[in-house]
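**Student:** There's a structure below that I have some questions on.
Protein chains in written order, with the working numbering: chain A, 1 to 87; chain B, 1001 to 1204.
The following block contains the structure:
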């Protein structure tokens, strides 16, 4: 039996979180845009791109989606500690 | 009560806030509240300063783009910022519907003697249906968030305190989140946005 590595690579966790957020964004219909104050309005494809890049907006979107999942108890807190955070 | 509002309109977010603030103005007038409406190009620094220094204004609602230290008016002109104009809000209640302004600006406004401040410590976000751009009050995706944030203004217009208005708004968010969490609800993708704005709203 393969020994389980207890210490996970933080970057792999971050990648999982990014993929989770992208999967959630992909469920939003294409006629929808997100208005983000002075940053402008973004289509779902643009949001997904920002999440992939993990720029400031992308990090906010990740933060928002993970906060929601955490509120549902769907993600253990320790997983979130390795997620990318916005400044 | 004398109520002053700014509602610039020059891009998509301000277009929506312009119309949703129009509902507050109609509500205020119906209740006999006197309103100073600084709309579109009247939402500028000079006019705002002039009214705040010369009129006995009780309540101020600013809509527009923001940052931790600023709020903007028409065409993104900074109309209020830390160290520049916050003293004019002494003894007033202020609601700033703009990104991030609760983080630093709101605290300075309170230090300078305001009776209450409500704002956001993160970007204020809402979803829109591109097909509803010309009917922002009928946009079923924007409505949940904008109704909840409008509740702050609606409660202030009723004469409630800043903390009461803030709580009324949070209750509205909670009700709306419950509604969109039900098994029959469509558009459950609205839930993270509702929670985000609810938890970003602060009152000092």
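Idealized CB from N, CA, C, for every residue including glycine.
Being a predicted model, the structure only gives us computed values, none of them experimental.
Can you pull the chain A neighbours of residue 1130 of chain B, defined as C-beta to C-beta under 8 Å?
**Tutor:** Residues of chain A passing the Cβ test: 31, 32, 33.
**Student:** Taking beta-carbon pairs under 7 Å, can you tell me which members of the segment 56-68 of chain A lie near chain B?
**Tutor:** 60, 64, 65, 67, 68
**Student:** Quick check: the segment 1048-1061 of chain B against the segment 1163-1180 of chain B, are at least 3 beta-carbon pairs closer than 8 Å?
**Tutor:** The answer is no - the segment 1048-1061 of chain B does not touch the segment 1163-1180 of chain B, with fewer than three Cβ pairs under 8 Å.
**Student:** Taking 8 Å as the threshold (C-beta atoms), are residue 1044 of chain B and residue 1073 of chain B in contact?
**Tutor:** yes
**Student:** Residues of the segment 1183-1198 of chain B in Cβ contact with chain A at a cutoff of 8 Å, in chain order, please.
**Tutor:** 1189, 1191, 1192, 1193, 1195, 1196
**Student:** I need the DSSP call for residue 1134 of chain B, collapsed to helix, strand or coil.
**Tutor:** coil
**Student:** Leaving out the 5 sequence neighbours to the left and right, which residues in its chain are closer than 6 Å to residue 1001 of chain B when beta-carbon positions are compared?
**Tutor:** 1033, 1058
**Student:** Listed in chain order, which residues of the segment 15-28 of chain A have Cβ atoms closer than 7 Å to some Cβ of chain B?
**Tutor:** 27, 28
**Student:** What does DSSP give as the partner residues of residue 1205 of chain B in its beta bridges?
**Tutor:** This structure leaves residue 1205 of chain B out entirely; chain B is present only between 1001 and 1204.
**Student:** Exposed or buried, which one is residue 1009 of chain B when buried takes at least 16 other CB atoms within 10 Å?
**Tutor:** With 16 or more other Cβ atoms within 10 Å, it is buried.
**Student:** Taking buried to mean at least 16 other C-beta atoms within 10 Å of its own C-beta, is residue 1091 of chain B buried or exposed?
**Tutor:** exposed
**Student:** Tell whether a beta-carbon distance below 8 Å holds between residue 72 of chain A and residue 17 of chain A.
**Tutor:** no
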